[in-house]
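K.L.:
Pasting a structure below so you can have a look.
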Amino acid sequence: MGNIRAASLVLTAFLVGAVLTSCDDGSKAAAEAAAKELSTGLSSLDVSHVTFTGTDPSAAQDQLKTVVAGLGDVKPAVTAGQATSSNGTMSVPLDFRWDLSGREWKYTTTAEIAQSNGHWGAKWAPGLLAPGLQAGEVLMLRTTAPARGDILGANDAQLVTERPVKRVGIDKAKTPSSALDSSARALAALVGLDPAEYSRQVAASGPQAFVQAVVLRNVPGRTPTDDQIAAIPGAFALDGTLPLAPTREFARAVLGTVGDATAEQIQKSNAELHAGDQTGQGGLEAKYDDQLRGKDGLTVLAVHQDGASATSSASPSPSSSSGSQAGSQQSSPTQPDQPRTLFTVPAQAGTPLRTTLDPKLQQLADDTLASVGPASAVVAIRPSDGSVLAAASGPGSNGYNTAMLGQYAPGSIFKTVDSLALFRQGATPDLKVQCTPTLTVDGKTFQNATGYPDDHLGTITLEDAYAHSCNTAFISQRDKVSQGQLEAAATSLGVAVDAPQLGADAFMGSVPATAGTTEHAASMIGQGQILLSPLSAAVMAASVQKGGLVSPRLVVNAGEDTTSSSSSAAPSGSAAPSGSASAAPDSATASPAQAAAKPITPAEAAPLQAMMRAVVTSGHAGFLLSVPGAPVGAKTGTAEFGSDNPPKTHAWIIGVHGDLAVAVFVDEGGLGATISGPLLTNFLTKAAQ
12 MGNIRAASLV
22 LTAFLVGAVL
32 TSCDDGSKAA
42 AEAAAKELST
52 GLSSLDVSHV
62 TFTGTDPSAA
72 QDQLKTVVAG
82 LGDVKPAVTA
92 GQATSSNGTM
102 SVPLDFRWDL
112 SGREWKYTTT
122 AEIAQSNGHW
132 GAKWAPGLLA
142 PGLQAGEVLM
152 LRTTAPARGD
162 ILGANDAQLV
172 TERPVKRVGI
182 DKAKTPSSAL
192 DSSARALAAL
202 VGLDPAEYSR
212 QVAASGPQAF
222 VQAVVLRNVP
232 GRTPTDDQIA
242 AIPGAFALDG
252 TLPLAPTREF
262 ARAVLGTVGD
272 ATAEQIQKSN
282 AELHAGDQTG
292 QGGLEAKYDD
302 QLRGKDGLTV
312 LAVHQDGASA
322 TSSASPSPSS
332 SSGSQAGSQQ
342 SSPTQPDQPR
352 TLFTVPAQAG
362 TPLRTTLDPK
372 LQQLADDTLA
382 SVGPASAVVA
392 IRPSDGSVLA
402 AASGPGSNGY
412 NTAMLGQYAP
422 GSIFKTVDSL
432 ALFRQGATPD
442 LKVQCTPTLT
452 VDGKTFQNAT
462 GYPDDHLGTI
472 TLEDAYAHSC
482 NTAFISQRDK
492 VSQGQLEAAA
502 TSLGVAVDAP
512 QLGADAFMGS
522 VPATAGTTEH
532 AASMIGQGQI
542 LLSPLSAAVM
552 AASVQKGGLV
562 SPRLVVNAGE
572 DTTSSSSSAA
582 PSGSAAPSGS
592 ASAAPDSATA
602 SPAQAAAKPI
612 TPAEAAPLQA
622 MMRAVVTSGH
632 AGFLLSVPGA
642 PVGAKTGTAE
652 FGSDNPPKTH
662 AWIIGVHGDL
672 AVAVFVDEGG
682 LGATISGPLL
692 TNFLTKAAQ
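Using the numbering used here, the letters of the sequence shown map in sequence onto residues 12 to 700.
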């Protein structure tokens, strides 16, 4: 009997335990289900359908929206963990992960889950949303702008760096309302803006706004002066800095500028850019913006709701500090109404971009074109290593990168390509050719440029035809070289081929592989479908001077030399971003002529060098004899275009001087010798000083 009673007690205890365990398991599962419902709602920032105990879901939703509004258009990823029981209360951890412009903010809060009226639900509290968040507090994101990386030139000279500026505008908080319109109009007139438009901007801005009119370089002798600005009620000139080149014109089309992000840039930035952020506008500043811009510093604050507006409108202070992207979480004890830092990541400064531009030569190129009316360009390359030392586009280009992106018929400078193609078919500079006043091919009449000397007509050498640029003599040789052979010779000189080291957008030329009879004749004098940019023209001259194919480089890798000659082979890990190479076909799409092309050799270059020298010593570029130092070689070019009668012309000249190759271009410029020639003389003379 005793054994039966003992067994009964054990069985009873087991059954009671099983019932209790079953109840605990049920409570835990219910609590975790309620927590999962909550985490799903928090992840979508919509808890309007979540079950709460003691709080209406709509009220919780209103509080949620208010608390997270200061973080912008971003949602967290929230996952619920396993429930635990303590003193009759079920608790479930909630793991939060926010992606704040690429910076991860992670933390864990705890949801208390209870049963009410037969339903399991979470107890709503601000602390669900962030650690230690109190009633009346909201989250606020503050960003700190990083220091932008400089653009460097040869010898790591600072081309674009932070330079002092004056931000000129009207401070509405310090301007009597009765004077706002007159002050705005007066300031606009002083700085060259439309008075009516600027007055409207001032009127439409908030009562405490500083309405910027213009940003001026803070340099000696600038106008308007501080005194002129201060004489206008409410007008101020505030000190600041901006990433700027040495002058407004300095390599502007190549380098680009830095300014407020546009709506389109913000939309495409994946939430990395916001209104008021500074970002690259054109040129290298835009192409390498991710590298140069760095990363914003971030701080998430817990702010009393009454002070949130003031906190969010505080101006971020620039920071040049760099640091780890790993954030830190802080919750220092402060006064209840003071902001508390919950998370912070320091700003990460941008990385400088190194280029081959030589400050002296670039400034000289800009100055050389300063008074040229039409679109124009000067490009200078070091033949020994392909470094682009200067790439200037004149004021007539209206901000367009004529130097690197222009597409123009090259005219007679293309006779350099013709000559190489003829040499490969057995010709020499002494080849006798016929220079006639005109030559007709399939009904189209070609003639020499205006002013061609009569004493160089008739039977002359190929060198003389090159030196004086006899069109008909070169066209007369059209049957000795095919269009494909012209294309191959062009690619041998770096024209119409890829530029993998350049690191910038460029047009490297276009030479068709096939052409009809008349078109082929036009190709022999750099017309028809032949197109070059000033950059590709300079590369052509550089390849002749080097006696080998020159591949231009502008953006260089960290640690790569920018001061002296080096191999022109493409470096591994080129700094050029994907898609930046110029308009030349790859091996999969190259024409047969391009695929079979071989780089120019020193033996092939020698007669071309002699012919370029003859242009100076006996041809019509004798003005270059005045350039000091090493002997100068050159080739002029005049290319007709358009339907005017007489037609308009592009003026070209290429020149070599020691370890320097230069192309000068002027659109609608007349003759290459008379228009572009003096510009090249000025550039080479001053470059040698």
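Backbone N, C-alpha and C define an ideal beta-carbon position, used for all residues, glycine too.
Using the three-state DSSP reduction, which class does residue 271 fall into: helix, strand or coil?
P.N.:
In the sequence shown, the residue the question calls residue 271 occupies position 260. Looking at residue 271 - three-state DSSP - the assignment turns out to be strand.
K.L.:
Please classify residue 600: is it buried, with 16 or more other beta-carbons within 10 angstroms of its beta-carbon, or exposed?
P.N.:
Within the sequence shown, numbered from 1, the residue matching residue 600 stands at position 589. Low confidence applies to residue 600: its pLDDT is 47, below 50, so where it sits in the model is not reliable, and the reading given next is rough at best. Exposed, because fewer than 16 other Cβ atoms sit within 10 Å of the Cβ of residue 600.
K.L.:
On the criterion of 16 or more Cβ atoms from any shown chain inside 10 Å, does residue 219 qualify as buried, or is it exposed?
P.N.:
As a first step, residue 219 is located in the sequence shown; it is residue number 208 there, counting from the start. Exposed, because fewer than 16 other Cβ atoms sit within 10 Å of the Cβ of residue 219.
K.L.:
Let me know the secondary structure DSSP gives residue 518 once reduced to three states.
P.N.:
For the purposes of this step, residue 518 is identified with residue 507 of the sequence shown, where counting begins at 1. In this structure, residue 518 counts as coil in the three-state DSSP scheme.
K.L.:
Quick check for students: name the residue ranges of the alpha helix (DSSP H) that lie wholly in the segment 217 to 267, counting only runs of 4 or more.
P.N.:
Segments of the alpha helix (DSSP H) lying fully in the segment 217 to 267: 237 to 241 and 263 to 266.
K.L.:
Does the segment 108 to 124 come within contact of the segment 182 to 189, defined as at least 3 CB pairs closer than 8 Å?
P.N.:
Flag = no, the segment 108 to 124 and the segment 182 to 189 do not touch.
K.L.:
From what residue to what residue does the alpha helix (DSSP H) around residue 665 run?
P.N.:
The residue given as residue 665 occupies position 654 in the sequence shown. Element bounds for residue 665: not the alpha helix (DSSP H) but the beta strand (DSSP E), 659 to 668.
K.L.:
Quick one: which unbroken alpha helix (DSSP H) runs of 4-plus residues sit fully inside the segment 116 to 176? Chain order, please.
P.N.:
DSSP runs (the alpha helix (DSSP H)) wholly in the segment 116 to 176: none.
K.L.:
Which residues mark the beginning and the end of the beta strand (DSSP E) in which residue 101 is found?
P.N.:
Reading the sequence shown from its first residue, position 90 is the one you call residue 101. Unbroken beta strand (DSSP E) run through residue 101: 100 to 111.
K.L.:
Measure the C-alpha to C-alpha separation of residue 694 and residue 375 and round it to an integer number of angstroms.
P.N.:
Looking up residue 694 in the sequence shown gives position 683. Looking up residue 375 in the sequence shown gives position 364. Answer to the nearest angstrom: the Cα atoms are 7 Å apart.
K.L.:
With 16 as the cutoff for other CB atoms within 10 Å, does residue 108 come out buried or exposed?
P.N.:
Locating residue 108 in the sequence shown gives position 97, counting from the first residue. Under this definition residue 108 is an exposed residue.
K.L.:
Quick check on the DSSP output: the beta strand (DSSP E) that includes residue 458 runs from which residue to which?
P.N.:
Locating residue 458 in the sequence shown gives position 447, counting from the first residue. Per DSSP, residue 458 belongs to the beta strand (DSSP E) from 455 to 458.
K.L.:
So if DSSP puts residue 651 in a beta bridge, which residue, or which two residues, is it bridged to?
P.N.:
Numbered from its first residue, the sequence shown carries residue 651 at position 640. Answer is 660.
K.L.:
Per DSSP, what are the beta-bridge partners of residue 63 in this structure?
P.N.:
Position 52 of the sequence shown, counted from the start, is the residue given in the question as residue 63. Bridge partners of residue 63: 133.
K.L.:
Please state whether DSSP places residue 209 in a helix, a strand or coil.
P.N.:
As a first step, residue 209 must be located in the sequence shown, where it is residue number 198. Three-state result, residue 209: helix.
K.L.:
Residue 80 to residue 150, Cα distance in whole Å?
P.N.:
Here residue 80 refers to the residue found at position 69 of the sequence shown. Here residue 150 refers to the residue found at position 139 of the sequence shown. Spanning the two alpha carbons is a distance of roughly 7 Å.
K.L.:
Just to confirm the assignment, what range does the beta strand (DSSP E) spanning residue 315 have?
P.N.:
For this step, residue 315 is matched to residue 304 along the sequence shown. Here the beta strand (DSSP E) through residue 315 covers 308 to 315.
K.L.:
By DSSP, does residue 643 sit in helix, in strand, or in coil?
P.N.:
Counted from its first residue, the sequence shown places residue 643 at position 632. Note: residue 643 maps to strand in three-state DSSP.
K.L.:
By the three-class DSSP mapping on this structure, what secondary structure does residue 628 have?
P.N.:
As a position in the sequence shown, residue 628 is number 617, starting the count at 1. In this structure, residue 628 counts as helix in the three-state DSSP scheme.
K.L.:
Quick check on DSSP: helix, strand or coil for residue 388?
P.N.:
Walking along the sequence shown from the start, residue 388 turns up at place 377. Residue 388 falls in the strand class under three-state DSSP.
K.L.:
Reducing DSSP to helix, strand and coil, say where residue 214 ends up.
P.N.:
As a first step, residue 214 is located in the sequence shown; it is residue number 203 there, counting from the start. Note: residue 214 maps to helix in three-state DSSP.
K.L.:
Residue 583 to residue 311, Cα distance in whole Å?
P.N.:
By 1-based counting over the sequence shown, the position of residue 583 is 572. By 1-based counting over the sequence shown, the position of residue 311 is 300. Confidence in residue 583 is poor, its pLDDT being 29 and thus under 50, which makes the residue's placement too unreliable to answer from.
K.L.:
Which residue's Cα is closest to the Cα of residue 228: 461, 247 and 252?
P.N.:
Counting from one through the sequence shown, the residue named residue 228 turns up at place 217. It is 252.
K.L.:
First and last residue of the beta strand (DSSP E) that includes residue 1?
P.N.:
Summary: the structure shown does not reach residue 1, with the chain confined to residues 12 through 700, and so no result is reported for it.
K.L.:
For residue 502, name the three-state secondary structure that DSSP assigns.
P.N.:
For the purposes of this step, residue 502 is taken as the residue at position 491 of the sequence shown. Looking at residue 502 - three-state DSSP - the assignment turns out to be helix.
K.L.:
Counting Cβ pairs closer than 8 Å, one from the segment 208 to 216 and one from the segment 147 to 166, do we hit at least three?
P.N.:
The segment 208 to 216 vs the segment 147 to 166: no contact.
K.L.:
Assign residue 115 to buried or exposed, taking buried as 16 or more other Cβ atoms, counted over all protein chains shown, within 10 Å of its Cβ.
P.N.:
Locating residue 115 in the sequence shown gives position 104, counting from the first residue. Label assigned to residue 115: exposed.
K.L.:
Are there 16 or more other CB atoms within 10 angstroms of the CB of residue 534, so buried, or fewer, so exposed?
P.N.:
Numbered from its first residue, the sequence shown carries residue 534 at position 523. Residue 534 comes out buried.
K.L.:
I want to know whether the segment 441 to 460 touches the segment 494 to 511 - three or more CB-CB distances under 8 Å.
P.N.:
No, the segment 441 to 460 is not in contact with the segment 494 to 511.
K.L.:
What are the complete beta strand (DSSP E) segments, minimum 3 residues, inside the segment 455 to 491?
P.N.:
Taking only runs of at least 3 residues, the beta strand (DSSP E) segments lying wholly in the segment 455 to 491 are 455 to 458 and 469 to 472.
K.L.:
So, helix, strand or coil for residue 443, using DSSP?
P.N.:
For this step, residue 443 is matched to residue 432 along the sequence shown. Three-state result, residue 443: strand.
K.L.:
Please state the DSSP three-state secondary structure of residue 637.
P.N.:
Within the sequence shown, the letter at position 626 stands for residue 637. Residue 637: helix per DSSP, three-state reduction.
K.L.:
If the criterion is Cβ atoms closer than 8 Å, does the pair residue 563 and residue 543 meet it?
P.N.:
By 1-based counting over the sequence shown, the position of residue 563 is 552. By 1-based counting over the sequence shown, the position of residue 543 is 532. Contact flag unset, no.
K.L.:
If I measure Cβ to Cβ from residue 182 and keep anything under 7 Å in the same chain, skipping five residues before and after, which residues do I get?
P.N.:
Here the question's residue 182 lines up with position 171 in the sequence shown. Excluding sequence neighbours, residue 182 sits near 221, 245 and 247.
K.L.:
Measure the C-alpha to C-alpha separation of residue 403 and residue 410 and round it to an integer number of angstroms.
P.N.:
For this step, residue 403 is matched to residue 392 along the sequence shown. For this step, residue 410 is matched to residue 399 along the sequence shown. Distance between the alpha carbons of residue 403 and residue 410 is about 10 Å.
K.L.:
Are the beta-carbon atoms of residue 42 and residue 101 separated by less than 8 Å?
P.N.:
Start at 1 with the first residue of the sequence shown, and residue 42 comes out as number 31. Start at 1 with the first residue of the sequence shown, and residue 101 comes out as number 90. Contact: yes.
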